[in-house]
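As structure tokens, the structure follows; a few thoughts come after it.
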Amino acid sequence: MTRRLPWLFRAASIPVLTIGLSIATAQDSDPDLLAGHPRESYRGVENLDAMEAALRKSMADQERHSFSRSWWRWDRLRCRYVDGGRVDEGALRILRAVFRGLILDRHRRLEAKGEGDLLYLFHTTLTGDRKESVLEVEGRRILRDVHGGGYHGGWGGAARMRIYEELANRKMLTAEEQERFRRIVHQSLEARFIDFKAKAQTANNHSFGNAGGVALALRLFPDDAPQAAGARAWIDRIWNHLAGFGDWTEWNYYPYGPIFLHGMVDIAEATGRIETDRDLINAVGRRCLGFVHGGGVRGNPNSGAPVRGDVAAVHADPWNVGYYDVETSARDGHFWYRLARHYKDPEYLWAAEQVALGGRPPDGRVPAAYQSAYNRRFAWFVERKIEPRVPASRAAVGLLSATNKKIPERLYLNSGRTPGQPFASFFLYDQKDEHLDNVSGHLYEFAANGAKFLHTSGKYNNVYGGDQLRGGGTGEESLDLLLVLHQRHPFPVHPDRRGDQRDFMRRGSIKHLPDAAVAQNNDAGDSFGQFAFDHYYGPGSRWIRRAVLTAEGYLVVADHYTGDPVLGTGYRAGPVWHLGVDENTRAGPREANWFDAPAFDHAWWQKEEQRILLYFHDDGHS
0 MTRRLPWLFR
10 AASIPVLTIG
20 LSIATAQDSD
30 PDLLAGHPRE
40 SYRGVENLDA
50 MEAALRKSMA
60 DQERHSFSRS
70 WWRWDRLRCR
80 YVDGGRVDEG
90 ALRILRAVFR
100 GLILDRHRRL
110 EAKGEGDLLY
120 LFHTTLTGDR
130 KESVLEVEGR
140 RILRDVHGGG
150 YHGGWGGAAR
160 MRIYEELANR
170 KMLTAEEQER
180 FRRIVHQSLE
190 ARFIDFKAKA
200 QTANNHSFGN
210 AGGVALALRL
220 FPDDAPQAAG
230 ARAWIDRIWN
240 HLAGFGDWTE
250 WNYYPYGPIF
260 LHGMVDIAEA
270 TGRIETDRDL
280 INAVGRRCLG
290 FVHGGGVRGN
300 PNSGAPVRGD
310 VAAVHADPWN
320 VGYYDVETSA
330 RDGHFWYRLA
340 RHYKDPEYLW
350 AAEQVALGGR
360 PPDGRVPAAY
370 QSAYNRRFAW
380 FVERKIEPRV
390 PASRAAVGLL
400 SATNKKIPER
410 LYLNSGRTPG
420 QPFASFFLYD
430 QKDEHLDNVS
440 GHLYEFAANG
450 AKFLHTSGKY
460 NNVYGGDQLR
470 GGGTGEESLD
480 LLLVLHQRHP
490 FPVHPDRRGD
500 QRDFMRRGSI
510 KHLPDAAVAQ
520 NNDAGDSFGQ
530 FAFDHYYGPG
540 SRWIRRAVLT
550 AEGYLVVADH
560 YTGDPVLGTG
570 YRAGPVWHLG
580 VDENTRAGPR
590 EANWFDAPAF
600 DHAWWQKEEQ
610 RILLYFHDDG
620 HS
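Oh and the sequence shown: position 448 is 447 in numbering that gives the first Met the number 0, straight run, nothing missing.
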């Protein structure tokens, strides 16, 4: 069975009325001492003593808090204080209130119950119930978010250690408080909590997210730290795994990418690798830079990234509210901020602006609220006259481990990354991890004119347990690529999504053909790309996809599929495109070979509704 099938897409625009939004900010005169923390600024607060005391009590009174995620916003406040020249004394006082309430006062309360020795600040390799909310140590019960954060608890460890370091250096803690914290750190490193040879021993979000705090603890408290040698050996192991491969292999960018990437910077800062291993760090950074473009929208394999509906909230608090409405939305922008600051790199700064604020429109003109948010969020760069620079870009085969293994991972079609330019991305890598099964070959992003036309995804789409699909995207494993299905089923819906001996699973069998991967541009700004997979729905089969993205925003996709003889003539092959829907969308079969659909998402600056026209053409050969 051989078929050649081209598909044509075109972006269109329809004007709509837009309404301006005013920006509301928290005022220093706010009578509620607990409102809006961390605030935009603490300068001029007259009741700072009362505010610090109230916030400390509020934090201390919390029975539970997230050791893994709740500290990141406080670390950004510390960063804002430091990069702002350490002039906002109120910010430092607020950090002290949080630190005392959530750690020191919690420890005192647990001590009073005879449980002070059960508080731990980093991760633990102990196991317990399915969600690890109840663990046992030496026959005693410890609760997640009461005594510590479980296996993910170390994700906030580096933030806690940096805040402590700043408070101690600024003489904001008493000698007793510093000694108490040293004891908590030491007990957190004991073997009863952490076996440094257990669980993640390679480069992933678990190990790197947890290791930053441990690395900082060893630097700040080097004398007699429990398991110091074992902890350093573990950090060396996971770092050497990253260095040996030259990259890391997780593709759920939100939320796991920023967790890993911050951990990479945390470890590098604490161990001196930020300079000695700068080539490795920049190799990882440059690959991730390839995921970003100036279109004001975002697509990822197995990871959604919708534009936040209330952009005014981003402008009001750019340090804590990210442009993309994803889990812990400000984390990604802050990773790029940190990397840009370390290396004074204007292209990393450009990436930080894209994910923090959405980037600038094609004409470069932004409203006062946007410019104000930029000036406040990136004041450190503004003061040093470092301006964002758009990375040079053309059609390319993006490489995983670009300096070592040089594995084709993605296919990018574009003639640049300036605002509004057409941009399309395909995922090529054929090896899987636990968060990514059936996405090889996906067209995971098609954007133009400040709109996302194709692909939408979720955190755990296409993940299998045995032959069962699980996760929020169950059934989406065939979207935006070529589906082959026995004709006894109504194409494209398999009745149970499982397959049988006559419905071959793609998972674990397909093989990408690196030599077939091609990416080219012409002088007119058009892009061409090609990739191929063997054993695609059955041994011996081959799928070749070719695509052209024109400078005007036309995307033409042509599929060539050759089936294995076992398929015979009993199978159908064709693409399944995932389009947006609106009130005019009608379910069910139709005779027409074209579809008109709304865009999935729009950049903040795109005020006209963008639509896509999908046209199917079958060349008649089979």
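Glycine included, every Cβ here is placed at the ideal spot set by N, Cα and C.
- Between Tyr-323 and Tyr-253, the C-beta gap is smaller than 9 Å, which places the two residues in contact.
- Separation of Pro-37 and Ala-550 (C-alpha to C-alpha, rounded to the nearest whole angstrom) is 44 Å.
- About 6 Å separates the beta carbons of Leu-47 and Arg-92, which is inside the 8 Å limit, making them a contact pair.
- Excluding its 5 nearest sequence neighbours in each direction, Tyr-535 has C-beta neighbours in its own chain below 7 Å: Arg-505, Ile-509, Arg-541, Trp-542, listed in chain order.
- Within a 10 Å sphere around the beta-carbon of Val-133 sit fewer than 16 other beta-carbons, which makes this residue exposed.
- Contact between Ile-183 and Leu-120 holds: CB atoms are separated by about 6 Å, below the 8 Å threshold.
- Around the Cβ of Asn-251, a 10 Å sphere holds 16 or more other Cβ atoms; the residue is buried.
- Each of Asn-413, Leu-260, Lys-198, His-454 was checked against the Cα of His-292, and the nearest Cα belongs to Asn-413.
- Within its own chain, the residues whose Cβ lies closer than 6 Å to the Cβ of Asp-265, once the five positions on either side in sequence are excluded, are Ala-157, Gly-211, listed in chain order.
- With distances taken between CA atoms, Leu-260 lies nearest to Asn-204 out of Arg-307, Val-44, Asn-204.
- In the DSSP assignment, Lys-404 falls outside any alpha helix (DSSP H) and carries neither an H nor an E.
- Taking all protein chains in view, the Cβ of Pro-574 is crowded by 16 or more other Cβ atoms within 10 Å, so the residue is classified as buried.
- Per DSSP, reduced to three states, the secondary structure at Gln-529 is strand.
- For the alpha helix (DSSP H) assignment, the uninterrupted runs of no fewer than 4 residues enclosed by the stretch 177-257 are, from N- to C-terminal side, 204-219, 227-244.
- Counting along the chain, Phe-334 sits inside the alpha helix (DSSP H) bounded by residues 329-342.
- Leu-554 sits close to Ala-423, with the two beta carbons spaced by under 9 Å.
- Residue environment for Glu-352: buried (at least 16 other C-beta atoms within 10 angstroms of its C-beta).
- DSSP, reduced to helix, strand and coil, places Leu-482 within a strand of the structure shown.
- Rounded to whole angstroms, the gap between the alpha carbons of Asn-520 and Glu-444 is 19 Å.
- Ser-40 carries a coil assignment under DSSP once its states are collapsed to helix, strand and coil.
- The bridge partners DSSP lists for Ile-543 are Ala-531, His-559.
- By the Cβ neighbour-count rule, Asp-31 is exposed, with fewer than 16 other Cβ atoms within 10 Å of its own.
- Using a 10 angstroms sphere on the CB of Glu-51, the tally of other CB atoms reaches 16 or more, which defines it as buried.
- Excluding residues up to 5 positions away in sequence, Arg-55 lie with their Cβ nearer than 6 Å to the Cβ of Arg-99 in the same chain.
- Three or more Cβ pairs drawn from the stretch 187-197 and the stretch 222-232 lie within less than 8 Å of each other, which places the two stretches in contact.
- Cβ neighbours of Gly-569 within its own chain (closer than 7 Å, five residues either side excluded): His-485, Gln-486.
- Arg-95 sits in a helix when the DSSP states are folded into three classes.
- With a beta-carbon spacing of about 5 Å, Gly-357 and Trp-603 fall inside the 8 Å limit used to define contacts.
- Taken through DSSP and simplified to helix, strand or coil, Tyr-80 comes out as helix.
- As the crow flies, the alpha-carbon of Val-580 is around 12 Å from that of Leu-453.
- Sixteen is the threshold: since fewer than 16 other Cβ atoms of the shown chains lie within 10 Å of the Cβ of Lys-404, the residue is exposed.
- Shortest Cα-Cα distance from Ala-355 to any of Tyr-369, Arg-364, Tyr-342 involves Tyr-369.
- Note that the C-beta distance between Gly-149 and Ser-67 is below 9 Å.
- Closest in alpha carbon position to Gly-415, among Ala-394, Ile-273, Gly-113, is Ala-394.
- For Gly-155, same chain residues with a beta-carbon under 6 Å away, outside a window of 5 residues either side, are Phe-66, Ser-67, Trp-70 in chain order.
- Scanning Phe-530, His-333, Pro-407 for the CA closest to the CA of Arg-75 turns up His-333.
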